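Novice:
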Amino acid sequence: MPALATAPVPTQPPPSANPPLTYEQAGVNYELIDPLKVTAQRAAAETAGHLLGHGMREVASSRGESAYVVDVGPFYLASIVECLGSKALVADEMQALTGRSWYDGIAQDTIAMAVNDLITVGATPLVVQAYWAAGGSQWFADSDRARALVEGWKRACDHCGVAWGGGETPALAGIVESGRIDLAASCTGIVSPKSRLSLGEQLQPGHAIVLLASSGIHANGLSLARSLSQRLAQGYLTPLDDGMSYGEGLLAPTVLYSPVSEALAKAGIQPVYCVNVTGHGWRKLLRHPAALTYRIHTVPPVPPVLRFIQEQAGLDANEAYSTLNMGAGFAYFVPQEQAQATVAVAQACGVQAWVAGTVERGPKQLLVEPLGLRYSADDLQLR
Numbered sequence: 058m059p060a061l062a063t064a065p066v067p068t069q070p071p072p073s074a075n076p077p078l079t080y081e082q083a084g085v086n087y088e089l090i091d092p093l094k095v096t097a098q099r100a101a102a103e104t105a106g107h108l109l110g111h112g113m114r115e116v117a118s119s120r121g122e123s124a125y126v127v128d129v130g131p132f133y134l135a136s137i138v139e140c141l142g143s144k145a146l147v148a149d150e151m152q153a154l155t156g157r158s159w160y161d162g163i164a165q166d167t168i169a170m171a172v173n174d175l176i177t178v179g180a181t182p183l184v185v186q187a188y189w190a191a192g193g194s195q196w197f198a199d200s201d202r203a204r205a206l207v208e209g210w211k212r213a214c215d216h217c218g219v220a221w222g223g224g225e226t227p228a229l230a231g232i233v234e235s236g237r238i239d240l241a242a243s244c245t246g247i248v249s250p251k252s253r254l255s256l257g258e259q260l261q262p263g264h265a266i267v268l269l270a271s272s273g274i275h276a277n278g279l280s281l282a283r284s285l286s287q288r289l290a291q292g293y294l295t296p297l298d299d300g301m302s303y304g305e306g307l308l309a310p311t312v313l314y315s316p317v318s319e320a321l322a323k324a325g326i327q328p329v330y331c332v333n334v335t336g337h338g339w340r341k342l343l344r345h346p347a348a349l350t351y352r353i354h355t356v357p358p359v360p361p362v363l364r365f366i367q368e369q370a371g372l373d374a375n376e377a378y379s380t381l382n383m384g385a386g387f388a389y390f391v392p393q394e395q396a397q398a399t400v401a402v403a404q405a406c407g408v409q410a411w412v413a414g415t416v417e418r419g420p421k422q423l424l425v426e427p428l429g430l431r432y433s434a435d436d437l438q439l440r
């Protein structure tokens, strides 16, 4: 994990002979994707009444959050489905270059995409289901790679204390490219006692923002990272400042944050809101619908692989922090008097953390003061 140090945070990239490479240029444009998400949310909300026939109801405020919550009476159930995205393509390229299978870490990345979303609502993960869709049966003939995927998946489940319930392994020739695999996970969890629900209904000025360290790029921004590799003379084998190659840095497994959430509950610390810093980068800190100002005064050190991407892709701070996690993989919003204890609990779980900011009255905006950045409500449209 990144050390607790005052490592320099780049605000502007050095001059480059190549034009800047943005996330949109790499093929991902959230301005086109997010409207469909909003339309789907509205259609999905019209189906909520079906739960009433089973004596249950949805928690409407979970619409637009990272996990969906249902009130079943004595407790809440939460659920989520997430896919890995294109990080597996980096693993495939690195296997060809190094002869090593990287799918143990890829398995953890996939589970983290679901589990780290699920815990944002205060849920304890119970069951994970696997979806491994290959471009043909031949993908499974590489026994080392297949075994690494299974072993990594189980190890991540054990780390989170979650049962692996089963899954689906279709061979989708003609849909998934030959030699490739599309990985996804669904996760179901329980919010018990009900007081652990963290949908931000109590979020208010004065609350502290605690940021947890990432291990690197996690599993968002890989389209940009892969496009950048094509500009590098040594590609994924380009060395980083920490002695790792670019490919190794990209393949650092995503941190599983659920042990921190469970440890906080045992310590009697109740976050009022949580954010998984994934797609949209730090703009995700604006996810709550309330009109509040989030002022960041402490910025975590940037992992070498993310600093390298920012420099080599020619990203200014605004683009970098609106696309990548830049060293902060998760955020807890807690009462000010519990902020330092939250940091201590996270560090006891092996995850570095910082009391990074505060919630204030004001327009809906994120102010990252050390970098002079401002993101407004218009910069994140997820509802």
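Read in order, the letters of the sequence shown are residues 58 to 440 in my numbering.
Virtual Cβ for every residue (Gly too), placed ideally from N, Cα, C.
Predicted model only: the values in this text are computed from it and were never measured.
1) Quick check: what's the CA-CA separation for S255 versus I176?
2) Taking 8 Å as the threshold (C-beta atoms), are Q152 and A213 in contact?
3) Quick one: is E88 buried, meaning 16 or more other Cβ sit within 10 Å of its Cβ, or exposed?
4) Ignoring anything shorter than 3 residues or poking outside the region 113-137, list the beta strand (DSSP E) runs there in chain order.
5) Please state if the CB of Y314 and the CB of L154 are separated by a distance shorter than 8 Å.
6) Quick one, are the C-beta atoms of G218 and V362 less than 8 Å apart?
7) When you compare only the Cα positions, how much space is there between T79 and L108?
8) When DSSP labels each residue in this structure, what does G336 get in the three-state scheme?
9) Where do the N-terminal and C-terminal ends of the alpha helix (DSSP H) with L206 fall, by residue?
10) Where does the unbroken beta strand (DSSP E) through D174 begin, and where does it stop?
11) Tell me whether the beta-carbon of A242 lies closer than 8 Å to the beta-carbon of V185.
12) Within the continuous alpha helix (DSSP H) that includes T181, where are the two ends?
13) With DSSP run on the structure shown, which of helix, strand or coil describes T311?
14) Check V359 in the structure and name its three-state DSSP category.
15) Roughly how far, in whole angstroms, is the beta-carbon of Q422 from the beta-carbon of R431, given that I think they are within contact range, below 8 Å?
16) With distances taken from CA atoms, which of E417, G106 and V127 is nearest K251?
17) What's the call for P65, buried or exposed, on a 16-neighbour Cβ count within 10 Å?
18) Please classify N86 as buried or exposed, where buried requires at least 16 neighbouring CB atoms within 10 angstroms.
19) Starting from Y293, trace the beta strand (DSSP E) both ways and give me its first and last residue.
20) Tell me whether R364 is buried or exposed, calling it buried when 16 or more other Cβ atoms sit within 10 Å of its Cβ.
21) Would DSSP call L424 helix, strand or coil?
22) Give the secondary structure of I353 by DSSP, where H, G and I count as helix, E and B as strand, and everything else as coil.
23) Under 8 Å, with one C-beta from each stretch per pair, do the region 298-315 and the region 262-272 reach the 3-pair mark?
24) Tell whether a beta-carbon distance below 8 Å holds between A124 and D91.
25) How about Y389 and W339: are their beta carbons less than 8 Å apart?
26) Excluding the 5 residues flanking E348 on each side, which residues of the same chain have their C-beta closer than 7 Å to its C-beta?
Specialist: If we stick to the structure as given:
1) 9 Å
2) no
3) exposed
4) 125-128
5) no
6) no
7) 43 Å
8) coil
9) S200 to C217
10) Looking at the DSSP string, D174 is not in any beta strand (DSSP E); the run it does join, the alpha helix (DSSP H), is Y160 to L175.
11) yes
12) Looking at the DSSP string, T181 is not in any alpha helix (DSSP H); the run it does join, the beta strand (DSSP E), is T181 to A191.
13) coil
14) coil
15) 6 Å
16) V127
17) Per-residue confidence for P65 stands at a pLDDT of 46, beneath the threshold of 50, marking its modelled position as unreliable; no derived number is given.
18) exposed
19) Premise fails: Y293 is in no beta strand (DSSP E) and is neither H nor E.
20) buried
21) strand
22) strand
23) yes
24) no
25) no
26) Note on identity: in this sequence residue 348 is Ala, with Glu being the wrong assignment. The answer, listed in chain order, is P420 and K421.
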